[in-house]
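Below is one structure, written out as structure tokens; comments come after it.
There are 2 protein chains.
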Amino acid sequence: MTRQEERRAQTRAALLDAGAALFATRGIAGASVDAIAEAAGRTSGALYDHFGSKEGLLFALLESWVDAATAAVAAEQAAATSLDEWVAAMWRAVSDPPDGDGRWIALEHELWSYANQSDEARRYLARRYAAAWDAIDAVTGPWVEHPAEATRVGPAVIALLFGLEMMRRVDPDVVTDQLAVAALRGVLAGTAVPTT
Amino acid sequence: MTRQEERRAQTRAALLDAGAALFATRGIAGASVDAIAEAAGRTSGALYDHFGSKEGLLFALLESWVDAATAAVAAEQAAATSLDEWVAAMWRAVSDPPDGDGRWIALEHELWSYANQSDEARRYLARRYAAAWDAIDAVTGPWVEHPAEATRVGPAVIALLFGLEMMRRVDPDVVTDQLAVAALRGVLAGTAVPTT
DNA sequence: GTCTATATACCGATAGAC
DNA sequence: GTCTATCGGTATATAGAC
């Protein structure tokens, strides 16, 4: 990689990082292009050169997460040797993400709000969640059997995980690990039949 | 009521209605005071006179919902004669609100996003959800017994209801009534002990 | 690639007439 | 109470120098 390419990659990474931080704290509408560029140690011209627009930066940011998140889920899946272990690991991944701080949930809410205004954001959301549902269905396959009726565990599990994380944000004490795991087990038992 | 007071009440109602519509479609940051006032057939001066600021309108709006929502839940509670009936009624109230269109969920997301930036909004959210948890705990009291361990059904049920409605927004077909009821029953069974 | 400078437009809020 | 007019500030995006 030439020095030019290195510098370019650094600029791109810095802009993505600054965008994530500012979108989460000030909101997508509230974070100005100038503020993001300044936080990255660059100017607005650099952002437009790399991503074309503020929305371009947003989607590049989301794309980079999908890779990280799917990798994390795959790792959890490989480590778990029972359904209970898997449920606990899944909740840990959501409640204490390896990413570090809890800014991902703030950004997720921003994205949901933004989906009300942007068709492209809504389509993106639909694609991403459909993939997550499939992943949950696949990973629970060895342990549960889907009943004949049209119920899927994937959407129900993702719904509960997201909802529990929201409740935890309102009051961290009320959603204990024990409560989360018990609720998740309950949803699995309610929407699928254990095979063992 | 004098004609002056009537006119004032009409203006207030029109501003609240316009605010709900525009906050939901354009976001709290994206809905300008002028646009809200114009949609209500008034000018920005009227809004500042009634609510003091854009945030003032937002909180007045939320306050008016709490009354409507708690009344709706109380009605559902009175009509249900079994836990299954109650679960189904609860899901109906969320998925097909009497209010009409589905703009309440859009506004709820806006509020969650806004809570990242406003302490007052965060406190409001905490108060409102704590009340909702208590209401669920109370209404399920006749049918389930809370175990000795520190698990509560309220936060888990609200979490799942909210999460399911989000999933339904991504793909309306994937969250069938059957799936929602099965998942809710599962969460109740997982976090509490039936008394009957 | 990154900068400065700038075009163009809209924002929330206020003042004062009526 | 509601209006018009307006202030001061900030937004996204572009043009062109380097």
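From first to last, the protein sequence lines are chains A and B.
When you number the first sequence by the working numbering, it's gap-free, plus one each residue, and the end is 196.
When you number the second sequence by the working numbering, it's gap-free, plus one each residue, and the end is 1196.
We treat Cβ as the ideally placed atom computed from N, Cα and C, and that holds for glycine.
The structure presented is a predicted model; accordingly, all values stated were derived computationally and were not measured.
Own chain partners of residue i with C-beta closer than 7 Å, once the 5 adjacent residues on each side are dropped
| i | result |
| --- | --- |
| Pro1098 of chain B | Ala1072 |
| Ser1064 of chain B | Leu1016 |
| Trp104 of chain A | Pro97 |
| Arg122 of chain A | Ala115 |
| Glu34 of chain A | In the sequence under discussion, the amino acid at residue 34 of chain A is Asp, which differs from the Glu named in the question. Excluding residues within five positions, the ones whose Cβ falls inside 7 Å are Ser44. |
| Lys54 of chain A | Val33 |
| Ala1018 of chain B | Ile1036, Ala1039 and Ala1040 |
| Asp1137 of chain B | Arg1152, Val1153 and Gly1154 |
| Thr195 of chain A | Trp143, Val144 and Glu145 |
| Ala80 of chain A | Trp86 and Ala89 |
Cβ-based burial, residue i [other Cβ within 10 Å; buried from 16]
| i | result |
| --- | --- |
| Glu145 of chain A | exposed |
| Val1175 of chain B | buried |
| Ala75 of chain A | exposed |
| Ser113 of chain A | buried |
| Arg7 of chain A | exposed |
| Gly1190 of chain B | buried |
| Thr140 of chain A | buried |
| Glu5 of chain A | exposed |
| Ala85 of chain A | Looking at the sequence shown, residue 85 of chain A is not Ala but Glu. Exposed, since its Cβ has fewer than 16 Cβ neighbours within 10 Å. |
| Ala1192 of chain B | buried |
| Glu120 of chain A | exposed |
| Ala78 of chain A | exposed |
| Ala211 of chain A | Since the first residue of chain A shown is 1 and the last is 196, residue 211 of chain A is not available in this structure. |
Cβ of residue i within 7 Å of any chain A Cβ
| i | result |
| --- | --- |
| Glu1110 of chain B | yes |
| Ser1053 of chain B | no |
| Ser1032 of chain B | no |
| Phe1023 of chain B | no |
| Thr1140 of chain B | no |
Beta-carbon spacing of residue i, residue j below 7 Å
| i | j | result |
| --- | --- | --- |
| Ala159 of chain A | Met1167 of chain B | yes |
| Val170 of chain A | Leu1161 of chain B | no |
| Ala24 of chain A | Ala1029 of chain B | no |
| Gly154 of chain A | Gly1163 of chain B | no |
Neighbourhood of residue i by C-beta, 8 Å cutoff - its chain only, sequence neighbours within 5 removed
| i | result |
| --- | --- |
| Leu1015 of chain B | Ile1036, Ala1037, Ala1040, Arg1042, Ala1046, Leu1047, His1050, Phe1051 and Leu1057 |
| Val87 of chain A | Val181, Leu184, Arg185 and Leu188 |
| His1109 of chain B | none |
| Ala1020 of chain B | Leu1061, Arg1103 and Leu1107 |
| Trp1133 of chain B | Arg1152, Gly1154, Pro1155 and Ile1158 |
| Thr1002 of chain B | none |
C-beta neighbour in chain B for residue i, strict 7 Å
| i | result |
| --- | --- |
| Pro194 of chain A | no |
| Tyr48 of chain A | no |
| Phe59 of chain A | no |
| Met90 of chain A | no |
| Arg127 of chain A | no |
| Leu107 of chain A | no |
| Pro155 of chain A | yes |
| Leu83 of chain A | no |
| Leu62 of chain A | no |
| Ser118 of chain A | no |
| Val187 of chain A | yes |
Cβ distance (whole Å) where residue i is taken to contact residue j below 8 Å
| i | j | result |
| --- | --- | --- |
| Leu179 of chain A | Ala1156 of chain B | 6 Å |
| Val66 of chain A | Arg128 of chain A | 6 Å |
| Gln1010 of chain B | Gly27 of chain A | Incorrect: roughly 33 Å between the Cβ atoms, too far for contact. |
| Ala31 of chain A | Leu22 of chain A | 4 Å |
Residues near residue i in its chain [Cβ-Cβ closer than 6 Å; skip 5 each side]
| i | result |
| --- | --- |
| Glu1165 of chain B | Val1094 and Ile1105 |
| Leu1083 of chain B | Trp1143 |
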